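Enquirer: The listed protein sequences correspond, in order, to chains A, B and C. Positions 35 to 143 (the numbering used here) are the ones given, in order, by the first sequence. Positions 288 to 917 (the numbering used here) are the ones given, in order, by the second sequence. Positions 4 to 477 (the numbering used here) are the ones given, in order, by the third sequence. The C-beta atom is built at its ideal place from N, Cα and C for all residues, glycine as well. These numbers were taken from a predicted model, which means no experiment stands behind them.
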Amino acid sequence: METTITQIQTIPLQYYILFCSALFSIGVIGVLAKRNALVIFMSVELMLNSANLLLTAFSAYRNDPAGQIFVFFIMVVAAAEVAIGLALLVVVYRSTHTIDINALNRLKW
Amino acid sequence: MELISILLLVFPLLGFLTIGLFQKQMNRNLSGVLASSFIFLNLVAAAFLFGFVTASNQTLEVPLFDWIKFGDITIPFALTIDRLSALMLLIVNGVGLLIHLYSIGYMKEDEGVNRYFAYLNLFIFFMLTLILSSNYLMLFIGWEGVGLCSYLLIGFWFKDRANNDAAKKAFIMNRIGDLGFLIATFILFTTFKTLSISEIAAKASLMPSGDLTLMAITLCLFVGAVGKSAQIPLFTWLPDAMAGPTPVSALIHAATMVTAGIYLVARSSVMFVLSPVTMDVILVIGTVTALAGGLIAIYQNDIKKILAYSTVSQLGFMFMGLGLGSFSGAMFHLTTHAFFKALLFLAAGSVIHALSNEQDIRKMGGLRHKIPFTFALFLIGAIAISGIPPFAGFFSKEVILTAAFEHGLGMGLIATVISLLTTIYMFRLIFVVFFKPESKELQANHHVHESPKVMLYPMAVLAILSMIAGFVQPPKLFSETQGFDNYLSPVFAKSNSLVAASEHALAVQTEWMIFIFPLLIIALLIFLSYKRFVNNKELVSPTGIQSLFAHKLYVDEIYDFCILKPVTFISDIFRELLDQTVINGFVNAVGSGTLFVGKKIRLLQTGNVGVYLVLMVFSIIAILFFNIIL
Amino acid sequence: MILVLLLILPLLASLLLFTGKLGKHSKNFALVASLVVFAISLLAGYAFTFAHDKILTLDLNLKELLDVDIILKIDAVSLVMVMLTTLLVPIIIASTDKKENRTPNFYALIMLMQMALIGVFTSSEMILFYIFWELALIPIFFITALWGGENKKKISVKFLIYTVVGSFAMLIGILYLYTLTPAPHSFSFESFFQLKLPYSVQVPVFLAFFLAFAIKIPLFPFHSWQAETYNASPVQGSMLLAGIMLKMGLYGIIRFILPLCPDVVAGGSLIFLPLILFGVIYGATIAITQPNLKKLIAFASLSHVGLIALGLLSNNHYGIEGGILQLFSHGVNVVGFFLCYYMIVKRTNTDKISDLGGIASVAPKFATIFLIIVLANISLPLTNSFVGEFLILLGLFQTNKILAIIAGLTIILGAVYILKMYQKVMYGERSAATEKFTDLTFSEMLVFLPIIAMIFLVGIFPSFILQLLEGAVK
């Protein structure tokens, strides 16, 4: 445990922040720009994990294990969410034969 | 004694309930007899009480039970019998009994005769409540109750729209007065913390003359009296009220109910004498009404309407008496007026009965041969009301005239003129109806018949009373004993003590003048009207100022234009414009506005997930941004 | 125990009726059940007069289970209201005609309504009160929406939304007051009454509660649902609404506004009293030319309840006592009025005043009863509403003389519209619609009997109610 923390701390905190921000922005852009539901899903995961990474980093730097524990929770929830999301996508695909989100506008008005 | 006074209320109520509830089952002849016998029992009780009160000279207080009682407010049902109410008891029950008897004959053919007698007994009940009550709120029960009976009896023949209109008008106009009465009770309660008449009189007598609260109270009470006693400006209902059966007109709209206003003022005399402004108002209203009523009566052609305006005029005359401070004079005139006006109405009813419901005097004439008894009775009534000695009207008018001359020469002359007007319209009536040559319709009509005895005897009793009743109090000129004044003096002792005694008693010569001068004019007037009306076959249609009186000063038209039309108009405006368009429109607009906004906002939901996502991201960014800068 | 029975019996009866098992006997069952409830309420009144502190309390002790303590209480005001409810519901049920063929659900809803109303009048806990308050809406909504006349759906929805908006304002007020109560917070009336709010807090609280009550009563200008709903509702629904449900709002004024916002009531009388007074005159004026009999009753009722509200808010114990007495009387009178209306409509199938006429000549019994009820409506002395209106006006007179005099105009306007209506409906010659009018049957007379009895009983012996209320008003 000690070694992990020291290993994490070998890289300066700013680098983590910059990296996570970049990762998060890529996720946001992916969500906004892509039309494929699956890719959007992956971008959302990217955003989630950038937040996870940042949590871990801060946790290590502050010597507070709470952050890392949270990460586990988030991963569990994310996994559940992915399961439901993918299941939805499968259903959508079965009925419409596409996962293009612009085609999925039947719920309007 | 207490039991007897309670019985006074029980008998008529019992009569009303038995006849009213068993209308269907009851034999048509029985109801009249039953109703009359209840009133007869009442008369006996009243006579008994009268004797007791006169002999013992004490005021009988009979508490029944507490009507409204909580906190600091206690309004009991309680009866007060003093000399004033005992007198009224005799009048109401006496005249009431005679008219009940008369009605047995008059209403014989009517299908609603049971209902009629039930209402009549109910009226007596409320009238006695009014007379006997010991506080103003209970008096108000009787006050409104007689109004209700008047409404029911005016509209007795309810199939005819005109009768209902007249009944409605009477009730509503009375209600205007009632509002005044009600406000007076509010001020009374606020000021004195009680509504008991005797306590208020005691407390009020300690207040200074001209007190503003007393003025407000008395003015409001007088508004009530104006409504009930048909004074200007609320007098038009009384002539219309003649739509009811004639005995009703005699009982309610001549002898008893309409005099309730005078009774009320006399009852509250202490407060009134302490409020000179109100007294002046009463004097002015009474004079104007008496004058207007007399003048209008001259130009009417309906036999009952003439008598109705005569009643208005005589009531105005009584109010003049009150306004002049002669309470016992007004009460005296009230008493004699009850006799001869009831007689006149009943005799008029007899004429109408004889002619099968013809009321227009232009179609009458020469009836003195066909119905001689009625003629004689009518003549007695006319002489009595015109103030020709030695009949009753002369004595009571004399008291008020004397009071008027004591007040001032001008007032005296006006009062004399008013009293002379009576002669004109009464003898016009007599000559046209009984002396003028018969009209063609009448000659063709062979059914003209004298009324049955059950109608004639009550009239005869009234006629005798009209002849002799005045002798209880001859003018001061001839006798020192003032029977009527003395009888009522305990009642008005307090109020008389509050005002300084009349400064200048009239000189003997003046009194003779007052006595002789009008008699000469009366003789002249009778002669002139004989000349004019007996020979003149067609009555001249009124012109100029005459038509003003013939149309009763256009008061009805003025009310129609100033009150009825605006109220209807406002009601329509409220209903259509304000209620439907503005208020309901606003509420509905809120509803439809919500729908409209929803319809528009719905379009934001394009269904395009990409748009949602963009909106979401930018919203989050905006929220973060605002969180940072705020 | 009595209190539980008062609530549970109507509920059980209602549930039993909802099952529909009773079929044709539904009406009789509902009638008997409501009569039993009436008997129990009489019992409650009996117990009340002997309770030493003039209050009947029932604590269900559910604190452990629900974290809400259910406490029911009957004081004098509640007792009057409960009596009114239990007296009127049997009359309303009995008035339904056999020919109308109402399903069991109809009676079930009426019984449910009764339970909710009794709940409103007996609960002494804000949340409970609020629940009953809203629960009372549901049955009347369905009665109107299912058995109503023209436009019934639209109008009942409008009515529902309108009143819920008001209730919502009240809910906010309740929650706000809850946060002000000392910790641990409590919803009980006592803790609310002990607050002694400063004036700046009283104003918004007053507005929140007053909005709810003004819509319910209804007071001008929140009345526009009233005439429509009465008109669309079956006559039993109108009776429930006008006779009892409107009294919830007035009860609310007595129960909450008077103790919670005394300073607003005392100080602000020149702001809201004229507005209410305008509504009083307004309703009476509209009634004068109203061509529809049922709407005429609605506007007359608007005028009368406005007068009651004036009395209650006159900040004077005459006005308040008179107001409560008049609450009771108006409930009886307006139900009587609607009953007469129902008798006419049942026989002629029209409620246009101009189509009617001449009924008095063929139906003397009905004419007499109608006349008594009508006269009670214009507060003739010796009928029940005279004492109430007298005390209201007297109380108002102590507060403000001019307002009292203007309010007095209603006794004239009342006579105008009532007599005008009565003349057109009952007098004159018979019209085509009233050609075959038949007089009341014996069973119909029986329905009228309690109303007539109450009119005279309260008119001649009002003291027993007034003295009952004396302690509570102080």
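1. Looking at C-alpha atoms only, which residue of B/LYS591, B/LEU775, B/LYS311, B/LEU851 is the closest neighbour of B/GLY531?
2. Is B/PHE443 buried or exposed, if buried means 16 or more other CB atoms sit within 10 Å of its CB?
3. Suppose only complete runs of 4+ residues qualify. What are the alpha helix (DSSP H) ranges in the region 166-196 of chain C, listed by chain order?
4. If you count every other CB in all the chains shown that lies within 10 Å of the CB of B/TRP430, and 16 or more means buried, which is it?
5. Since B/GLU431 meets chain C, which of its residues come closer than 7 Å, beta carbon to beta carbon?
6. To be precise: take each residue of the region 105-139 of chain A, compare its Cβ to all Cβ atoms of chain B, and keep it if any distance is under 8 Å. Which residues remain?
7. Taking just the CA atoms, how far does B/SER492 sit from B/PHE779?
8. Measuring only the C-alpha atoms, how far is B/ILE539 from B/MET742?
9. In terms of alpha-carbon separation, which member of B/ALA471, B/ILE907, B/VAL382, B/ALA634 lies closest to B/LYS740?
10. Can you check whether the CB of B/PHE604 is closer than 7 Å to the CB of B/ALA577?
11. Give me the chain A residues within the contact set of B/ILE897, using Cβ-Cβ distance strictly less than 8 Å, ordered along the chain.
12. With DSSP collapsed to three states, give me the class of B/GLU798.
13. Would you say B/ILE368 and B/LEU336 are within 7 Å of each other, going by their C-beta atoms?
14. C/GLU128 and C/SER191: beta carbons closer than 7 Å?
15. By the criterion of Cβ-Cβ separation under 9 Å, what are the contact partners of B/VAL904 in chain A?
16. Just confirm the distance between the C-beta atoms of C/MET424 and C/LYS368, as a whole number of angstroms; I'd bet it's less than 8 Å.
17. Around the C-beta of B/MET288, are 16 or more other C-beta atoms found within 10 angstroms, so that it is buried, or is it exposed?
18. Quick one: residues in its chain with C-beta nearer than 6 Å to the C-beta of B/ASP527, no 5 flanking neighbours on either side, listed in chain order?
19. I'd like to confirm the pairing. Which residues does DSSP put opposite B/LYS356 in its beta bridges?
20. Could you give the DSSP three-state label for C/VAL461: helix, strand or coil?
21. Mind listing the chain B neighbours of C/THR292? Cutoff is C-beta to C-beta under 8 Å, in chain order.
22. State yes or no: is the beta carbon of B/VAL901 nearer than 7 Å to at least one beta carbon in chain A?
23. Does B/SER483 come out as helix, strand or coil in the three-state DSSP assignment?
24. Residues of chain C with CB under 9 Å from B/ARG448, in chain order?
25. Just reading off the alpha helix (DSSP H) that B/LYS650 is part of, what are its end residues?
26. Is C/ILE468 close to chain B, meaning its C-beta is less than 7 Å from at least one C-beta of that chain?
27. Among C/LEU12, C/GLY398, C/PHE451, C/LEU460, which one has its Cα closest to the Cα of C/LEU276?
28. Helix, strand or coil for C/THR288 per DSSP?
29. What are the start and end residues of the beta strand (DSSP E) that includes C/ILE74?
30. Roughly how many angstroms lie between the CA atoms of C/ASN108 and C/LEU25, to the nearest whole one?
31. Can you pull the chain B residues whose beta carbon is under 8 Å from the beta carbon of C/PRO465, in chain order?
32. CB C/GLY151 to CB C/SER227, shorter than 7 Å?
33. Can you tell me whether C/HIS333 sits near the ligand MG, meaning its C-beta is under 6 Å from at least one heavy atom of the ligand?
34. Rounding to the nearest angstrom, what Cα-Cα distance links B/LYS515 and B/PRO676 in this structure?
35. With 7 Å as the threshold, decide whether the Cβ of C/TYR285 is near any Cβ in chain B.
36. Under a CB-based cut-off of 7 Å, is C/PHE400 close to chain B?
Expert: Concretely, from the data shown:
1. B/LYS591
2. buried
3. 192-196
4. buried
5. LEU383, PRO384
6. ILE135, ASN136, LEU138, ASN139
7. 12 Å
8. 18 Å
9. B/ALA634
10. yes
11. Note on identity: in this sequence residue 897 of chain B is Gly, with Ile being the wrong assignment. Simply LEU66, ARG69, ILE135, ASN136.
12. helix
13. yes
14. yes
15. VAL62, VAL65, LEU66
16. Contact doesn't hold; Cβ gap of about 19 Å is too wide.
17. exposed
18. ALA453, LYS456
19. B/THR361
20. helix
21. THR855, SER858, ASP859, ARG862
22. yes
23. strand
24. GLN426, TYR430, GLY431, GLU432
25. Unbroken run through B/LYS650: none, as it is neither H nor E.
26. no
27. C/GLY398
28. helix
29. 74-77
30. 10 Å
31. TRP354, ILE355
32. no
33. No copy of the ligand MG appears in this structure; indeed no ligand is present at all.
34. 31 Å
35. yes
36. yes
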